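For the record, the sequence lines run as chains U and H.
This note's numbering applies: residue 1 is where the first sequence begins, and numbers increase by one.
This note's numbering applies: residue 1001 is where the second sequence begins, and numbers increase by one.
2 protein chains.
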Amino acid sequence: MGVRCLALSDGKLRYFFEPRSVAVLGASRQTRKFGHTIFKNFVRSGYHGKVYPINPSADEILGHKVYPSLADVPGPVDLAVIAIPAPLVTQAFHECIEKGVKAVVVISGGFKEAGPEGIKRETELTRLAEESGVRLIGPNCIGVFDPRSHVDTLFLPSYRLKRPLAGEIAFITQSGAFGSAVLDWAAAKNVGISKFVSFGNMADVSESELLEFLSEDADTKCIVAYLEGVRDGLHFLKVARRVTTLKPLVILKGGTTSAGQLATLSHTGSLAGDPALISGIFNQLGIIQAHNVEGLFDAARALAYQPLPKGPRLAIVTNAGGFGVLASDHAERAGIPMTKLSSKTKDELREVVPPNSSLSNPVDLTGSANEDDYARVLHIIAKDPDVHMLLVMVLVQTSSIESDVVDILTEINETYSEKPLLACTVGGEYTESTLRMLEDNRIPSFPSPARAVTAVRALWDYAYYRKNLVPQSTRRRRKRR
Amino acid sequence: MGVRCLALSDGKLRYFFEPRSVAVLGASRQTRKFGHTIFKNFVRSGYHGKVYPINPSADEILGHKVYPSLADVPGPVDLAVIAIPAPLVTQAFHECIEKGVKAVVVISGGFKEAGPEGIKRETELTRLAEESGVRLIGPNCIGVFDPRSHVDTLFLPSYRLKRPLAGEIAFITQSGAFGSAVLDWAAAKNVGISKFVSFGNMADVSESELLEFLSEDADTKCIVAYLEGVRDGLHFLKVARRVTTLKPLVILKGGTTSAGQLATLSHTGSLAGDPALISGIFNQLGIIQAHNVEGLFDAARALAYQPLPKGPRLAIVTNAGGFGVLASDHAERAGIPMTKLSSKTKDELREVVPPNSSLSNPVDLTGSANEDDYARVLHIIAKDPDVHMLLVMVLVQTSSIESDVVDILTEINETYSEKPLLACTVGGEYTESTLRMLEDNRIPSFPSPARAVTAVRALWDYAYYRKNLVPQSTRRRRKRR
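So this is what it looks like as structure tokens:
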């Protein structure tokens, strides 16, 4: 493992995401079988390479010739996806080695998580992978999704689990179910993904190795992870420290309480550490700790789309006083100070705001503000050097706001590209579509003030770490390269 | 004011919700005017009483004859809605008094919130209301919405602001914008409302009076409020204590930090109290304090739909291990203990669960569980006397779960009607529609484990208060009635 950790870019991991050819072992004509869905994903998703269905008892699936075994496949195979009963997996892995397959995803369950017999099977898989050098993700996972190459081993049909578009956020998860639910959520909210890996039992490829790989992945601007435990604690710490000098890393750690730890024992079999210790370590390593499912991608979207702030001070602009009040409350609780706007800024604002506006921070434009009021006001506030971050709250229920407000925020965001801008709007269907439009323009947008402020805090936490706490040795090493 | 507080059911408040006739002062042919939308609401929403548009410079609006003044209206008028410029409101209120109107909603802004001239206007309105006995909600508000009587003074068109269906939750708010956004949210999520009031500047009817009225309203099972300040602190405390002996009261207090308080000054002009003090007082009075927008209705839905638990212990059933782990974490942090399932319960479970399930709590049925597995398992767990509350997590991305799961949860919920049941499911579009279906069957349902557990905690907090902390004097008084 020591060797792997030093080999920062183990070339073989890229075969999981950019294979030139894929074989699906367990591809089936029966639509409810995992192997059927996985094979169909490759056929229908726009994957450009060759796909071979492998099944000793079928001739043809979805118009494709089926091969009885891997050995029968005419060309080379980069990636094999194994979705067959656990007792047959070891033999299939042997065939992968013989065929010269580079990377294998084992979807099948029935290993470490399933008692003594399973543990034996998994130990054997680990041994085979290490001896052969064939890399293995899984078993007991939903595998890999890459929206650019269209690798998609998710065995859940897309009418159940929508696939997100290509984006900047890489997402790795120990729990496949967690991963599937959050991917589905991301698709609905227009949140783009760079690469997704559900890594299951980690018989071979570990969470740390994936983190290293993703830290060097050009498509990935921010990494998020759901972890219950890690394979090798000390190694993980080393890797995480390196990763956070390159890009932000947001982690939701399941099992940070004794009740949660008990639950992880029966779930992934992970043994988890002390909660306070974990928070302390995360802080020291510059890892942003999410405290709930929402917080994971809320922090990630802010970090992936926006620049790091030069300071902690926040300005809020709103057309709804109550939400300005609540956001101020959340900011203070999160330790984020509100900018005291300069008299110059206030004088300029006075010229352009609607009647009865409040010029202190939060700047409350009242319900009569239209999108042009926002434009004028935001241009002024964004120029105030003491405003380090901007939170724009826009209730779209009021008739004075047209959907052009999305274009206006996008323009402000692009004009003041060195200053983080976040948006918040609360409501029903029309609000949801506004949120999706803002997201599409890479403005991290939130359905409540509390969630917006959590993201603000994550931005400042990571900015502070990068500015003040990145270990000197790492800095020097990076400069030398 | 003392007198009003003793007159628990001031008959006149009901004219706001069940007027036999309504006049809209400022009804207009111009579709962007507030008066136009308000008049249209009454015409189109199914309101059964008479509606009179009042406007000195129009003959006909939406096919209805327009009256130049209130005095010209042929029949009696119970409710007048005033949506005309502030300087004209006092005169209009005089006309309401002369006409014998019972209740007036003043939508118009330009009063206390708008400087010395506005304060003068508002003082005059207060005086007129007190002297005449004509009750007044507002000014500077969006007024009243009652989905049963179809009173709807919201000046926001329904394509912007969807109206929720009739339900059990009453919602009062100091901030109109807050109210509109949350109503819109409620409509999208299928959350029903009994009565809604945005009460604005409280020139006459105060938050406390509304709370008292709603505490005796048969349609209302739970009251939620967004408050920045209260008109009379001591009076509010007395009222709140009485309300919480009758039904749950959930409050989100804006301005609980110094930054937030500063913001309320320019918003509603409220002076707010010390945050720790507020939490302490809320606790003592049995008020459930929401800490963010989400928490307000999450707590309310649990309290409105479900019985109070007999104890704090929670059982979790899931088909996704990761979410079981996270829910356990949140429960422990919220001080909610997990039930240790009895060996009898475990023995019964062992007979029916899918392979590889975990029988400790959380009970993890694994991704292969179908809706019938849930039925069998929930029947067993609900019978365990040590399970006081049930949280059912169902990821619907997996192919094994059919939408029948909604019927099954509904049946369990009805069969064990003395035990609170909550549901949680995480994901995208299909998940959202599952949440709406569950909501429709009065199962409080949440898009994340953290939010579900907040609601669990609210249930237990209120149950504990009702069981142990309701002041003895109040108990005796209630029994005597």
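Even for Gly, the Cβ is constructed at its ideal location relative to N, Cα and C.
Model, not experiment: these values are computed from the prediction.
Would a check of beta-carbon distances place residue i closer than 8 Å to chain U?
i	result
D1298 of chain H	no
W1460 of chain H	no
K968 of chain H	Since the displayed chain H opens at 1001 and closes at 1481, residue 968 of chain H lies outside it and no answer follows.
E1294 of chain H	yes
V1352 of chain H	no
G1002 of chain H	Residue placement at G1002 of chain H is flagged as unreliable, the pLDDT there being 33, under the threshold of 50; the coordinate-derived value follows with that caveat. It does not: the Cβ of G1002 of chain H has no partner Cβ on chain U nearer than 8 Å.
Y1226 of chain H	yes
D1329 of chain H	yes
V1387 of chain H	no
S1448 of chain H	yes
S1342 of chain H	no
P1019 of chain H	no
R1481 of chain H	In this predicted model, R1481 of chain H has a pLDDT of only 38, less than 50, meaning its place in the structure is not dependable; the value taken from the coordinates is given anyway. No, its Cβ sits nowhere closer than 8 Å to a Cβ of chain U.
S1206 of chain H	no
S1360 of chain H	yes
Would you kindly check if the distance between the Cβ of residue j and the Cβ of residue i is under 8 Å?
i	j	result
A1023 of chain H	G1035 of chain H	no
F1039 of chain H	I1061 of chain H	yes
L422 of chain U	A463 of chain U	no
P312 of chain U	W460 of chain U	yes
E228 of chain U	T264 of chain U	yes
R14 of chain U	G49 of chain U	no
V105 of chain U	G138 of chain U	yes
Quick check on residue i - is its C-beta less than 8 Å from some C-beta in chain H?
i	result
L6 of chain U	Model confidence at L6 of chain U stands at a pLDDT of 36, short of 50, so the residue's coordinates are unreliable; what they give is reported in the following sentence. Chain H, which has no Cβ nearer than 8 Å to the Cβ of L6 of chain U, makes this no.
R457 of chain U	no
R478 of chain U	Residue placement at R478 of chain U is poorly supported in this model, since its pLDDT is 47, which falls under 50; the coordinates still yield a value, given next. No - not a single Cβ of chain H is within 8 Å of the one on R478 of chain U.
Y416 of chain U	no
L395 of chain U	yes
M338 of chain U	yes
R313 of chain U	no
Y374 of chain U	no
I175 of chain U	Note on identity: in this sequence residue 175 of chain U is Ser, with Ile being the wrong assignment. Chain H, which has a Cβ nearer than 8 Å to the Cβ of S175 of chain U, makes this yes.
P444 of chain U	no
A157 of chain U	First, the residue type needs correcting, since residue 157 of chain U is Pro and not Ala in the sequence shown. Chain H, which has a Cβ nearer than 8 Å to the Cβ of P157 of chain U, makes this yes.
Counting only Cβ pairs nearer than 7 Å, list the residues of chain U close to residue i.
i	result
F1178 of chain H	A320, G322 and F323
G1254 of chain H	G322, V325, L326 and D329
A1369 of chain H	By Cβ distance, chain U contributes nothing, its closest Cβ being about 11 Å from A1369 of chain H, past 7 Å.
L1125 of chain H	Per Cβ cutoff of 7 Å: no residues; L1125 of chain H is ~18 Å from chain U at best.
Give the residues of chain H in contact with residue i, contact being defined as C-beta atoms less than 8 Å apart.
i	result
Y464 of chain U	Within chain H, no residue comes near Y464 of chain U; the closest Cβ sits about 20 Å away, beyond 8 Å.
G35 of chain U	Residues of chain H passing the Cβ test: none, with the nearest at roughly 13 Å.
P53 of chain U	Going along chain H, no residue has its Cβ under 8 Å from P53 of chain U, so there is no contact; the nearest lies around 19 Å.
Pull up the DSSP beta-bridge partners for residue i, would you.
i	result
A1080 of chain H	H:A1023 and H:V1104
H1064 of chain H	H:I1061
K253 of chain U	U:L227
C1424 of chain H	H:M1393 and H:F1446
P1053 of chain H	H:V1024
I1169 of chain H	H:I1193 and H:C1222
Q1289 of chain H	H:I1251
G143 of chain U	U:S198
L1314 of chain H	H:M1338 and H:M1389
Quick one: list the residues of chain H neighbouring residue i, beta-carbon separation under 7 Å, in chain order.
i	result
E332 of chain U	T1257, S1258, A1259 and G1260
K485 of chain U	There is simply no residue 485 of chain U to check, as chain U begins at 1 and stops at 481 in what is shown.
S403 of chain U	Within chain H, no residue comes near S403 of chain U; the closest Cβ sits about 11 Å away, beyond 7 Å.
Compare the C-alpha of residue i against each of the options and name the closest.
i	options	result
P1056 of chain H	H:I1084, H:I1287 and H:L1154	H:I1084
T244 of chain U	U:E130, U:I412 and U:Q289	U:Q289
P76 of chain U	U:K238, U:C96, U:D232 and U:D407	U:C96
V1352 of chain H	H:I1381, H:G1167 and H:V1089	H:I1381
R1301 of chain H	H:N1140, H:P1087, H:V1456 and H:R1121	H:V1456
T318 of chain U	U:N292, U:P248, U:L390 and U:H291	U:L390
I1193 of chain H	H:F1017, H:G1260 and H:F1323	H:F1017
P354 of chain U	U:A369, U:S343, U:S360 and U:K340	U:A369
V1293 of chain H	H:L1277, H:V1250, H:A1320 and H:L1214	H:V1250
L435 of chain U	U:I142, U:V191, U:G321 and U:F213	U:V191
List the residues of chain U that residue i touches, going by C-beta distances under 8 Å, in chain order.
i	result
R1032 of chain H	S399
Listing by chain order, which chain U residues have their CB less than 9 Å from the CB of residue i?
i	result
T1431 of chain H	A181, D184, W185 and A188
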